[in-house]
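Here the structure is laid out as structure tokens; the discussion comes afterwards.
Numbering (the numbering used here), first residue to last: 213 to 426.
The following block contains the structure:
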């Protein structure tokens, strides 16, 4: 286990260039798209299999500190629609964070159906594959849901596996484990996609300022 310094107030001096310090998240920065997503979600008459189209934007942020703790990260927004339907099927915002000192990856997520979570995992700085998990009831990688979701579609665990591919794409497979009244077994709500870059990221503000000052 990593032990933080006894001095919990003094902040480190971060590198201005977030894109150069993202560790295993480096291959995810930018704007991405795919029309080959696959979703399996619960319905009254059984699981529904749905193809989806996704636009996923990940932009670098300035380094973040909590006293001696230091994160480099990406702010993200993903919007998903069904084929031939402009209505938003899924919308999600949050941050992917990398802590170099501990090799920890954090994913914060929030969706406009009244649910938030933080998933965590470990990876080496040059990892091309990693898995994160959030668990209902945890104080450090937990899940919080509004009263209806807690009653009707209780989320007990969320896992996401990310793979960075040699061809410049990246993919994810995620599993949201739901407890649903009247069902004897937990339901695995799954999503997967492989994303292709359509635009490069914009450097974070301190990186841009350093370039201008050079």
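Note that the Cβ used here is the ideal one computed from N, Cα and C, for glycine as well.
- When only Cα atoms are considered, residue 413 and residue 266 end up about 17 Å apart.
- Around residue 388, the same chain offers 367, 370 and 401 as residues with beta carbons nearer than 7 Å, after the five sequence neighbours per side are excluded.
- A buried status is given to residue 355, since no fewer than 16 other beta-carbon atoms sit within 10 Å of its beta-carbon.
- The DSSP-derived three-state label of residue 365 is coil.
- Under the three-state reduction of DSSP, residue 241 is assigned to coil, being neither helix nor strand.
- Straight across, the Cα-Cα distance linking residue 349 with residue 418 is about 37 Å.
- With respect to residue 242, residue 269 sits close: the two C-beta atoms are nearer than 9 Å.
- Under DSSP, residue 330 forms a beta bridge with 320.
- Residue environment: residue 357 is assigned as buried (16 or more neighbouring CB atoms within 10 Å of its CB, all protein chains considered).
- Burial check for residue 278: the Cβ neighbour count within 10 Å stays below 16, so the residue is exposed.
- In summary, residue 251 is buried, with 16 or more beta-carbon neighbours lying within 10 Å of its beta-carbon over all protein chains present.
- DSSP places residue 424 in the helix class (H, G or I) of the three-state scheme.
- In this structure, the beta-carbon distance from residue 234 to residue 288 does not fall below 9 Å.
- The DSSP-derived three-state label of residue 235 is helix.
- With distances taken between CA atoms, residue 217 lies nearest to 314 out of 302, 314 and 407.
- 9 Å or more divides the Cβ of residue 363 from the Cβ of residue 324.
- Rounded to whole angstroms, the separation of the alpha carbons of residue 261 and residue 397 is 19 Å.
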